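J.:
Protein chains: 2
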Amino acid sequence: MFKATVFVTLRESVLDPQGSAVRGSLHTLGFDEVGEVRIGKYMQLEIDLNDRAAAEERVKEMCEKLLANTVIEDYRYELQEV
Amino acid sequence: MFKATVFVTLRESVLDPQGSAVRGSLHTLGFDEVGEVRIGKYMQLEIDLNDRAAAEERVKEMCEKLLANTVIEDYRYELQEV
Numbered sequence: 071m072f073k074a075t076v077f078v079t080l081r082e083s084v085l086d087p088q089g090s091a092v093r094g095s096l097h098t099l100g101f102d103e104v105g106e107v108r109i110g111k112y113m114q115l116e117i118d119l120n121d122r123a124a125a126e127e128r129v130k131e132m133c134e135k136l137l138a139n140t141v142i143e144d145y146r147y148e149l150q151e152v
Numbered sequence: 071m072f073k074a075t076v077f078v079t080l081r082e083s084v085l086d087p088q089g090s091a092v093r094g095s096l097h098t099l100g101f102d103e104v105g106e107v108r109i110g111k112y113m114q115l116e117i118d119l120n121d122r123a124a125a126e127e128r129v130k131e132m133c134e135k136l137l138a139n140t141v142i143e144d145y146r147y148e149l150q151e152v
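What follows is the structure, given as structure tokens:
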């Protein structure tokens, strides 16, 4: 069994309105040292497979098909045996 | 200058309906090996400070005040000098 951690982030060239809003709120609260803010997703999935290569392949497929929108998002993942 | 990476996750005891929905969709797509799915946020912030201890202190304050809802969420962060 593996625990997969998937990070999905907007591509560099894509505007991040949610990040801009958070930055604005941080400035309003007095955190003027904050520059660019980018917001992404962080997903933890239990994968009930015993072979690491198979698990990697399946997680990649999940990212491509559902977890990330690869037109505007990048993804990366880590697998940890549990 | 530092780059702060903040991870915000729902506490273990809190239900994650978004995670359950993603799990359901993955099963529908044939990924039956997927067990529990938990979804969190992943934020990258530029911090325009030169002192690491000061930057840590400020990021912690941002998490407590705005980035995480500490009633239902946990957070952790990493600082990288850039």
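Residue numbers (my numbering), protein chains in the order written: chain B, 71 to 152; chain S, 71 to 152. For every residue, glycine included, the Cβ atom is placed at its ideal position computed from N, Cα and C. What you are looking at is a predicted structure, and each value in this text was computed from that prediction instead of being measured.
Between B:124, B:101 and B:123, which has its C-alpha nearest residue 127 of chain S's C-alpha?
T.: Indexing the second sequence from 1 puts residue 127 of chain S at position 57. Selected option, being the one with the closest Cα: B:101.
J.: Write down every uninterrupted run of the alpha helix (DSSP H) in the segment 75 to 130 of chain S whose length is 4 residues or greater and which is fully enclosed by it, in chain order.
T.: Within the segment 75 to 130 of chain S, the complete alpha helix (DSSP H) runs of at least 4 residues are 87 to 98.
J.: Look at the Cβ atom of residue 130 of chain B, then the Cβ atom of residue 78 of chain B, and state whether they are nearer than 8 angstroms.
T.: Translated into positions along the first sequence, residue 130 of chain B becomes position 60. Translated into positions along the first sequence, residue 78 of chain B becomes position 8. Cβ atoms of residue 130 of chain B and residue 78 of chain B: not closer than 8 angstroms.
J.: Taking any Cβ of chain S, which residues in the segment 81 to 104 of chain B have a Cβ under 9 angstroms from it, in chain order?
T.: Against chain S - using a Cβ distance shorter than 9 angstroms - the residues of the segment 81 to 104 of chain B are 89, 92, 93, 95, 96, 99, 101, 102, 103 and 104.
J.: Just confirm the distance between the C-beta atoms of residue 95 of chain B and residue 136 of chain S, as a whole number of angstroms; I'd bet it's less than 8 angstroms.
T.: Taking the first sequence and counting its residues from 1, one reaches residue 95 of chain B at position 25. Taking the second sequence and counting its residues from 1, one reaches residue 136 of chain S at position 66. Residue 95 of chain B to residue 136 of chain S, Cβ: 6 angstroms. Contact.
J.: Taking DSSP's pairing of strands, which residues face residue 149 of chain B in a bridge?
T.: As a position in the first sequence, residue 149 of chain B is number 79, starting the count at 1. For residue 149 of chain B, which the question treats as bridged, DSSP gives the partners B:74.
J.: Check distances from the C-beta atoms of the segment 105 to 124 of chain S to those of chain B and list, in chain order, the residues that come in under 7 angstroms.
T.: Cβ contacts with chain B: 105, 106, 107, 108, 109, 110, 111, 112, 113, 114, 115, 116, 117, 118 and 119.
J.: For chain S, check one thing: does any of its Cβ atoms lie closer than 8 angstroms to the Cβ of residue 149 of chain B?
T.: In the first sequence, residue 149 of chain B corresponds to position 79, counting from 1. It does not: the Cβ of residue 149 of chain B has no partner Cβ on chain S nearer than 8 angstroms.
J.: Who are the Cβ neighbours of residue 83 of chain B in its own chain at under 8 angstroms, not counting the five residues just before and after it?
T.: What you label residue 83 of chain B is simply residue 13 of the first sequence in a count that begins at 1. No residues qualify anywhere along the chain.
J.: What does residue 140 of chain S reach in chain B if we use C-beta pairs closer than 7 angstroms?
T.: Translated into positions along the second sequence, residue 140 of chain S becomes position 70. Ordered by position in chain B, no residue passes the 7 angstroms Cβ test against residue 140 of chain S, which lies about 16 angstroms from the chain.
J.: At 7 angstroms on the CB atoms, spell out the chain B contacts of residue 128 of chain S, in chain order.
T.: The sequence position of residue 128 of chain S within the second sequence is 58, counting from 1. Chain B residues near residue 128 of chain S: 101 and 103.
J.: Rounded to a whole number of angstroms, what is the C-alpha to C-alpha distance between residue 113 of chain B and residue 121 of chain S?
T.: Here the question's residue 113 of chain B lines up with position 43 in the first sequence. Here the question's residue 121 of chain S lines up with position 51 in the second sequence. Rounded to whole angstroms, residue 113 of chain B to residue 121 of chain S spans 31 angstroms at the Cα level.
J.: Whole-angstrom Cβ separation of residue 108 of chain S and residue 144 of chain S, contact assumed at under 8 angstroms?
T.: Here residue 108 of chain S refers to the residue found at position 38 of the second sequence. Here residue 144 of chain S refers to the residue found at position 74 of the second sequence. With a Cβ gap of about 11 angstroms, residue 108 of chain S and residue 144 of chain S do not count as contacting.
J.: Taking 8 angstroms as the cut-off, decide whether the C-beta atoms of residue 72 of chain S and residue 141 of chain S are in contact.
T.: For the purposes of this step, residue 72 of chain S is identified with residue 2 of the second sequence, where counting begins at 1. For the purposes of this step, residue 141 of chain S is identified with residue 71 of the second sequence, where counting begins at 1. Their beta carbons are not under 8 angstroms apart, which means residue 72 of chain S does not touch residue 141 of chain S by this criterion.
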